[in-house]
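J.: For what it's worth, the working numbering labels the leading residue of the sequence shown as 485, then goes sequentially. Heads up, the beta-carbon is just placed ideally off N, CA and C, and yes, glycines get one too.
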Amino acid sequence: MATHDKGVTTRSEEVIRKHKEYLWPAVTNYYQHPLVADHGSMQYLWDVEGNKYLDFFGGIVTVGLGHCNPKVTSKIKTQVDKLQHTSTLFPNETIVALAEKLAQITPGKLQKSFFTSSGTEANEAAILLARMAGPSYDIVALRHAYAGGSALAKSVTAQAPWRKSGVIGVGVSHAVNPYCYRCPLHLKYPECGVACASDVENLIQTGTSGSIAAFIAEPIQGVGGFITPPPEYFKIVYRIVKNYGGLFISDEVQTGFGRTGRKWFGIEQWEVIPDIITCAKSMGNGVPVGATITTSELAGKFQGLTISTFGGNPVTSVAARAVIEVIEVEHLLENTHVVGGYFRAKLEELKGKYPLIGDVRGMGMMQALELVRDRQTKEPAPSEASQLMERARDNGLLIGKGGLYGNVIRMAPPMNITKADVDEGIRLLDKSFAEIPA
Ligand SMILES: Cc1ncc(COP(=O)(O)O)c(C=O)c1O
Numbered sequence: 485m486a487t488h489d490k491g492v493t494t495r496s497e498e499v500i501r502k503h504k505e506y507l508w509p510a511v512t513n514y515y516q517h518p519l520v521a522d523h524g525s526m527q528y529l530w531d532v533e534g535n536k537y538l539d540f541f542g543g544i545v546t547v548g549l550g551h552c553n554p555k556v557t558s559k560i561k562t563q564v565d566k567l568q569h570t571s572t573l574f575p576n577e578t579i580v581a582l583a584e585k586l587a588q589i590t591p592g593k594l595q596k597s598f599f600t601s602s603g604t605e606a607n608e609a610a611i612l613l614a615r616m617a618g619p620s621y622d623i624v625a626l627r628h629a630y631a632g633g634s635a636l637a638k639s640v641t642a643q644a645p646w647r648k649s650g651v652i653g654v655g656v657s658h659a660v661n662p663y664c665y666r667c668p669l670h671l672k673y674p675e676c677g678v679a680c681a682s683d684v685e686n687l688i689q690t691g692t693s694g695s696i697a698a699f700i701a702e703p704i705q706g707v708g709g710f711i712t713p714p715p716e717y718f719k720i721v722y723r724i725v726k727n728y729g730g731l732f733i734s735d736e737v738q739t740g741f742g743r744t745g746r747k748w749f750g751i752e753q754w755e756v757i758p759d760i761i762t763c764a765k766s767m768g769n770g771v772p773v774g775a776t777i778t779t780s781e782l783a784g785k786f787q788g789l790t791i792s793t794f795g796g797n798p799v800t801s802v803a804a805r806a807v808i809e810v811i812e813v814e815h816l817l818e819n820t821h822v823v824g825g826y827f828r829a830k831l832e833e834l835k836g837k838y839p840l841i842g843d844v845r846g847m848g849m850m851q852a853l854e855l856v857r858d859r860q861t862k863e864p865a866p867s868e869a870s871q872l873m874e875r876a877r878d879n880g881l882l883i884g885k886g887g888l889y890g891n892v893i894r895m896a897p898p899m900n901i902t903k904a905d906v907d908e909g910i911r912l913l914d915k916s917f918a919e920i921p922a
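1. Measure the alpha-carbon distance for I808 versus D858 and round it to whole angstroms.
2. Give me the residue from A829, C667 and E854 with the minimum Cα distance to I841.
3. In its own chain, which residues sit with a C-beta less than 6 Å from the C-beta of T487, not counting the 5 before and 5 after it?
4. In the structure shown, what three-state DSSP assignment does A698 receive?
5. For the beta strand (DSSP E) containing I947, name the first residue and the last one.
6. What does DSSP give as the partner residues of C763 in its beta bridges?
7. Could you compute how far the alpha carbon of M485 sits from the alpha carbon of P668?
8. Measure the C-alpha to C-alpha separation of A583 and F718 and round it to an integer number of angstroms.
9. Please report how far the alpha carbon of V492 lies from the alpha carbon of G730, in whole angstroms.
10. Alpha carbon to alpha carbon, what distance is there between R723 and T546?
11. Out of Y889, Y621 and E919, which one is the CA nearest neighbour of Q643?
12. Rounded to a whole number of angstroms, what is the C-alpha to C-alpha distance between I791 and K566?
13. Helix, strand or coil for E908? Go by DSSP, reduced to three states.
14. What residue does the alpha helix (DSSP H) around D683 start on, and which one ends it?
15. Thinking C-alpha only, which one of L671, Y838 and L872 is nearest Y515?
16. Candidates L834, R894 and D907: which alpha carbon is nearest A431's?
17. What does the Cβ neighbour count give for E608, buried or exposed, with the cut at 16 atoms within 10 Å?
18. Let me check understanding here. Comparing Cα to Cα, which of S525, V856 and P518 lies closest to P554?
19. Within its chain, find whatever has a CB closer than 7 Å to the CB of N769; leave out the 5 residues flanking it on each side and keep chain order.
20. Taking the alpha carbon of E814 as the point to measure from, which residue in M899, V892, K765 and A764 has its own alpha carbon closest?
21. Measure from the alpha carbon of L687 to the alpha carbon of each residue in E716, V721, G709 and L671, then state which is nearest.
22. On the three-state DSSP scale, how would you describe M485?
23. Along the alpha helix (DSSP H) that carries S558, what are the first and last residues, could you check?
24. For G884, does the three-state DSSP call read helix, strand or coil?
25. May I ask whether a heavy atom of ligand 1 can be found less than 8 Å away from the beta carbon of V807?
26. Check whether the segment 650-664 and the segment 767-784 touch, using three or more Cβ-Cβ pairs below 8 Å as the test.
27. Should G909 and L671 be called a contact, given that it needs their Cβ atoms to be closer than 9 Å?
28. Please find out if some non-hydrogen atom of ligand 1 comes closer than 8 Å to the beta-carbon of Q738.
29. Can the beta-carbon of K785 be found less than 9 Å from the beta-carbon of A587?
30. Could you tell me whether any non-hydrogen atom of ligand 1 is closer than 8 Å to the CB of A609?
31. Got a sec: does ligand 1 put a non-hydrogen atom nearer than 8 Å to the Cβ of T712?
32. If you run the structure through DSSP and keep just helix, strand and coil, what is S597?
33. For E702, count neighbouring C-beta atoms within 10 Å of its own C-beta (all shown protein chains included) and say buried if the count is 16 or more, exposed if not.
34. Using only the alpha-carbon positions, how far apart do L913 and G884 sit?
35. Out of L519, K561, G592 and P674, which has the shortest C-alpha to C-alpha gap to E781?
36. I'd like the list of long-range same chain contacts for Y528, defined as Cβ closer than 8 Å, with 5 residues on each side in sequence excluded.
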């Protein structure tokens, strides 16, 4: 592993300077000296100085099969030379091949897809459909949620930094989330009886018109800091949602396509069959593609017309179809479960070593460490999280951050890594923790 020199060279300085000059400052970069990426190959990324990094964040939980995975890029390249764009005005083989495959891998009777270029649009389409199909306009979401960057998606999002001026939250109410480590009801699982789930009923009775169009949630809250509910939570909520006429929307933008291990979708871990699934991010391993998948009956309830110009584009459709094929052929649902479990056990060992780690959570290749200054008070440790990221970067490991308090280390390595990669990642993480001043 190359030594990572903080003295920035002209090439990266130039990129950083132009980034500051020509891009919106709201789009922030990681690190004191941003990492100027040059190229990637599978689990590795290189910066313009030639430093090599083991990438355990994959472009924000997106590069699920490794950077520039040739089994995906070869198909993209062929398609780019054959046909790039037609719009959905003309059906083509690539869009139907992907939609047919999604109908096979999604649970229940989810069978019809609407394609987009992002997770935001996928969630927009889901909520729009639910409002057209349901008994009311009301949507129930969860606190600490993240649903995207449009005005509607931001109104579902429930973390202040992502909800500044311009967000109109009419018709969206937020239930307390199943955040066991910091229980919003100050209870303890399992004696709590999963009271946070029952709160959804109280919210519908008090904060909505009494019936709802939909409940929308991430099976594991991503940007929120990989907040993982107790196993009963979604089953209880599902029953409540149905009692009040609502659809259940599973936002699988981070959990989708096998990230949690053994199952294609995160909600399957909680034994719930949703009415609508939205996905994006690692669905295309780096190309912009999203989908809103629902039943034939519900899809038929969309009123009027809709379109996403790039949705179902031949290139992105081929990429997403290739991603599914690689996951199937290389048995990556199983690998994610096995190697993810191994990763989790190693992270638990680190918790035994470093008091800074208050909680380890997640599933499969989606694992987080919540950092706290004191395990009793659980005071969040955001500056320590930033320091850890800097140390890890210098040691050649890329990790992510999240959580309302900016104190959660998020890791989402590619689903095809081995136990040896985990060992290396853990070694670098261990070294990085050891370098943080007490
Ligand atoms: C759970 C979830 N939903 C939706 C989105 C929005 O996706 P996009 O950024 O592709 O619009 C994100 C993005 O981070 C997400 O994590």
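T.: By the coordinates alone:
1. Roughly 43 Å between the two C-alpha positions.
2. That would be E854, whose Cα lies nearest to the Cα of I841.
3. Bear in mind that a pLDDT of 42 at T487, under 50, signals an unreliable position, so the model cannot answer this.
4. The answer is strand: DSSP assigns A698 an E or B state.
5. Because residue 947 is not part of the residues shown, which for the chain are 485 to 922, the question remains open.
6. Assignment of beta-bridge partners to C763 by DSSP yields A775.
7. Interpretation of M485 is limited by its pLDDT of 38, a score under 50 that renders its predicted location unreliable; no figure is taken from the coordinates.
8. A583 and F718 have their C-alpha atoms spaced approximately 27 Å apart.
9. With a pLDDT of only 48 at V492, under the threshold of 50, the placement of this residue in the model should not be trusted, and no figure is reported.
10. Straight through space, the alpha carbons of R723 and T546 are spaced by roughly 32 Å.
11. Closest by alpha carbon: Y889.
12. Distance between the alpha carbons of I791 and K566 is about 23 Å.
13. Correct three-state label for E908: helix.
14. It spans A679 to G691 - the alpha helix (DSSP H) in which D683 sits, taken as one unbroken run.
15. Distance check between Y515 and each of L671, Y838 and L872 places L872 closest, using alpha-carbon atoms only.
16. Lying outside 485 to 922, the shown extent of the chain, residue 431 is not represented and no answer is given.
17. With 16 or more other Cβ atoms within 10 Å, it is buried.
18. Cα-wise, what sits closest to P554 is S525.
19. Around N769: V547, G548, L549, N553, V556, A803 and V807.
20. Cα-wise, what sits closest to E814 is M899.
21. For the options E716, V721, G709 and L671, the alpha carbon positioned closest to that of L687 is the one of V721.
22. Annotation note: pLDDT 38 at M485 (below 50); position unreliable, no value reported.
23. Judged by DSSP secondary structure, S558 falls within the alpha helix (DSSP H) whose first and last residues are P554 to K566.
24. Correct three-state label for G884: strand.
25. No, the beta carbon of V807 sits no closer than 8 Å to any heavy atom of ligand 1.
26. A contact between stretches requires three or more CB pairs, one per stretch, nearer than 8 Å, and the segment 650-664 fails this requirement with the segment 767-784.
27. 9 Å or more divides the Cβ of G909 from the Cβ of L671.
28. True, at least one ligand heavy atom lies under 8 Å from that Cβ.
29. Cβ atoms of K785 and A587: not closer than 9 Å.
30. A distance criterion of 8 Å places the beta-carbon of A609 beyond contact range of ligand 1, judged by its closest non-hydrogen atom.
31. For T712, the shortest separation between its Cβ and any heavy atom of ligand 1 does not lie below 8 Å.
32. In the displayed model, S597 falls within a strand according to three-state DSSP.
33. Buried: at least 16 other Cβ atoms inside 10 Å.
34. In a straight line, the C-alpha of L913 is about 12 Å away from that of G884.
35. Out of L519, K561, G592 and P674, G592 has the C-alpha closest to the C-alpha of E781.
36. Beyond the five residues adjoining it in sequence on each side, Y528 comes within less than 8 Å, by CB distance, of K536, Y537, L538, D539 and H551 in the same chain, given in chain order.
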